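> Numbering (the numbering used here), first residue to last: -8 to 395. Every residue gets a Cβ at the ideal spot worked out from N, C-alpha and C, and that includes glycine. Quick caveat, the model's predicted, so the values are computed rather than measured. Below you'll find the structure I mean.
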Ligand SMILES: [Zn+2]
């Protein structure tokens, strides 16, 4: 659908400046909305909402969700019959800092242009580069960009593992920066796998947890084939801390016997979260199918979009969402895991991930198209799906960003 086809400006725009009308209840008609997103199927799991309705926006905030809002009450109407209208998607594992980190992509191109209104950079920058990340990425992007700060001072700037030299793993420096930029740093990040941290995995995770405890925020642990016993790593994770790349073939939730590791089940029971973090190596259909068959669902759907995954197999968050829909999660659950659940993971569920009136008008409009679609996991295994999400547009603070 082209933008032109579904945008129309309300005829009432010409009426601006007329005296306020009175409603039947005798109140001033403070009901002139800036924008109404009209006629879509509104799905907001934070409110257990799934119905055809209009979403009205005023002053950059959600003003109302109701059926058949009179278009004359809006300065502008976006008509989206047949589309899904959801809270702006939240991707808690992305990599920005394009041009500084070899992993970094242009976040607006892959996030807000693809329905993601809030993106959390997963440790691309560390203490020594965060001011640059704030200045050149966070402050410039149309997407709301937040960050997990890498426990390593250098973040993901250089190719050798950032944790192989323990002089870089400076908890004091990380703490200072995490406190200075507390408005945008939502937690800490550590990459625990043998190839990146060698024998330092447990000590790096321990330092990360120490900083996370001091700032009262969670940490995200990247996992892969690890040298340390899984139990030693899980032991450091508190309720609310999250593993990412959880559903990979080796080194994630699936143990050597091909079943969900018992230590993982115990960790899930005490509130450790299991994020997807698809990326170029972090998602396997077989592992996810096994986990689902044993009742272990992901806590959040995230893309791990970066230089080496953006052109496939990841493409964008909605493609990862399509994979979960194909694997049997309900539409409502998929949207929950890409809106209010990641908001909870970063302790921002009072601000994002919901269309409750009064919240910032961060909205995604998606089409769920039918056909035959080949979906790839990180090992390039193929599944043929019959439905796929396609992002149409996103609004952040009520402002329109069409699909790129
Ligand atoms: Zn990553």
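So, residue 382 versus residue 357, is the Cβ gap smaller than 8 Å?
The residue given as residue 382 occupies position 391 in the chain shown. The residue given as residue 357 occupies position 366 in the chain shown. Result yes, Cβ atoms of residue 382 and residue 357 sit closer than 8 Å.
> Cβ of residue 293 within 8 Å of Cβ of residue 265?
Counting from one through the chain shown, the residue named residue 293 turns up at place 302. Counting from one through the chain shown, the residue named residue 265 turns up at place 274. Against a cut-off of 8 Å, the Cβ pair of residue 265 and residue 293 comes out as no contact.
> Note the first and the last residue of the continuous beta strand (DSSP E) segment covering residue 31.
Position 40 of the chain shown, counted from the first residue, corresponds to residue 31. That run of the beta strand (DSSP E) goes 26 to 35.
> Could you give the distance in angstroms between the alpha-carbon of residue 195 and the alpha-carbon of residue 375?
On the chain shown, residue 195 is found 204 positions in, with the first residue counted as 1. On the chain shown, residue 375 is found 384 positions in, with the first residue counted as 1. Whole-angstrom Cα-Cα distance: 40 Å.
> I'd like to know whether the C-beta atoms of residue 29 and residue 56 end up nearer to each other than 8 Å.
Residue 29 sits at position 38 when you count from the first residue of the chain shown. Residue 56 sits at position 65 when you count from the first residue of the chain shown. For residue 29 and residue 56, no; Cβs fall outside 8 Å.
> Considering only C-alpha positions, which residue in the set 350, 153 and 313 is nearest to residue 378?
Against the chain shown, residue 378 aligns to sequence position 387. Residue 378 has its Cα closest to that of 313, out of 350, 153 and 313.
> Anyone know if the C-beta pair for residue 237 and residue 214 falls short of 8 Å?
Locating residue 237 in the chain shown gives position 246, counting from the first residue. Locating residue 214 in the chain shown gives position 223, counting from the first residue. It is a contact, given that the beta carbons lie within the stated cut-off.
> Sorted by chain position, which residues of the same chain lie with C-beta nearer than 7 Å to residue 18's C-beta, five sequence neighbours on each side aside?
Stepping through the chain shown from its first residue, residue 18 is reached at position 27. The pLDDT assigned to residue 18 is 40, lower than 50, so where the model puts this residue is not dependable; a value taken from the coordinates is nonetheless given after this. The answer is none, since no qualifying residue turns up.
> What residue range is occupied by the uninterrupted alpha helix (DSSP H) comprising residue 399?
No statement about residue 399 is possible, as the shown extent of the chain runs from -8 to 395 and does not include it.
> Mark residue 173 as exposed unless 16 or more other C-beta atoms lie within 10 angstroms of its C-beta, in which case mark it buried.
Position 182 of the chain shown holds residue 173. It is exposed - the Cβ of residue 173 has fewer than 16 other Cβ atoms within 10 Å.
> Going by CA-CA distance only, name the one from 170, 156, 205 and 206 that's closest to residue 187.
What you label residue 187 is simply residue 196 of the chain shown in a count that begins at 1. With distances taken between Cα atoms, residue 187 lies closest to 156.
> Would DSSP call residue 163 helix, strand or coil?
For the purposes of this step, residue 163 is taken as the residue at position 172 of the chain shown. Here residue 163 sits in helix by DSSP.
> Grab me the residues of residue 89's own chain with a C-beta within less than 7 Å of its C-beta, minus the 5 sequence neighbours each way, in chain order.
Position 98 of the chain shown, counted from the start, is the residue given in the question as residue 89. Same-chain partners within the cutoff: 95, 96 and 97.
> Which residue's Cα is closest to the Cα of residue 117: 333, 166 and 283?
Residue numbering aside, residue 117 sits at position 126 when the chain shown is read from its first letter. The shortest Cα separation from residue 117 among 333, 166 and 283 belongs to 166.
> Quick one: what does DSSP say residue 231 is sitting in, helix, strand or coil?
Position 240 of the chain shown, counted from the start, is the residue given in the question as residue 231. In the three-state scheme derived from DSSP, where H, G and I count as helix and E and B as strand, residue 231 is classed as coil.
> Count the other C-beta atoms from every protein chain shown that fall within 10 angstroms of the C-beta of residue 389, then say buried if there are 16 or more, exposed otherwise.
Position 398 of the chain shown, counting from 1, holds the residue named residue 389. Buried: at least 16 other Cβ atoms inside 10 Å.
> Quick one: residues with CB closer than 5 Å to any heavy atom of ligand 1, in chain order, please.
113 and 295
> Along the chain, which unbroken stretches of the alpha helix (DSSP H) at least 4 residues long are found entirely within the segment 66 to 150?
Annotation note: the segment 66 to 150 contains the following uninterrupted alpha helix (DSSP H) runs of length 4 or greater, listed N- to C-terminal: 98 to 101 and 121 to 124.
> Quick check: the segment 102 to 116 against the segment 72 to 79, are there 3 or more CB pairs under 8 Å?
yes
> Please report the distance separating the alpha-carbon of residue 92 from that of residue 235.
For the purposes of this step, residue 92 is identified with residue 101 of the chain shown, where counting begins at 1. For the purposes of this step, residue 235 is identified with residue 244 of the chain shown, where counting begins at 1. Those two C-alpha atoms are separated by around 20 Å.
> Measure the Cβ-Cβ separation of residue 142 and residue 160 and say whether it is below 8 Å.
Residue 142 sits at position 151 when you count from the first residue of the chain shown. Residue 160 sits at position 169 when you count from the first residue of the chain shown. Yes, the pair counts as a contact, with Cβ atoms nearer than the cut-off.
> How would you call residue 131, buried or exposed, if buried means at least 16 neighbouring beta carbons within 10 angstroms?
In the chain shown, the residue the question calls residue 131 occupies position 140. Here residue 131 is exposed: its Cβ has fewer than 16 other Cβ atoms, across all protein chains shown, within 10 Å.
> For residue 270, which residues from the same chain have a beta carbon less than 7 Å from its beta carbon, with the 5 sequence-adjacent residues on both sides left out?
Numbered from its first residue, the chain shown carries residue 270 at position 279. Cβ within range, chain order: 236, 295, 297, 300, 305 and 369.
> Expressed to the nearest angstrom, what Euclidean distance is found between the alpha-carbon atoms of residue 322 and residue 43?
Walking along the chain shown from the start, residue 322 turns up at place 331. Walking along the chain shown from the start, residue 43 turns up at place 52. If I take the Cα positions, the gap works out to 15 Å.
> Reducing DSSP to helix, strand and coil, say where residue 23 ends up.
Stepping through the chain shown from its first residue, residue 23 is reached at position 32. Coil at residue 23, not helix or strand.
> Which of helix, strand or coil does DSSP assign to residue 266?
Here residue 266 refers to the residue found at position 275 when the chain shown is read from its first residue. In the three-state reduction of the DSSP assignment, residue 266 falls in the strand class.
> For residue 63, which three-state DSSP category applies?
Start at 1 with the first residue of the chain shown, and residue 63 comes out as number 72. It is helical.
> Within the continuous beta strand (DSSP E) that includes residue 304, where are the two ends?
Walking along the chain shown from the start, residue 304 turns up at place 313. Per DSSP, residue 304 belongs to no beta strand (DSSP E) and is neither H nor E.
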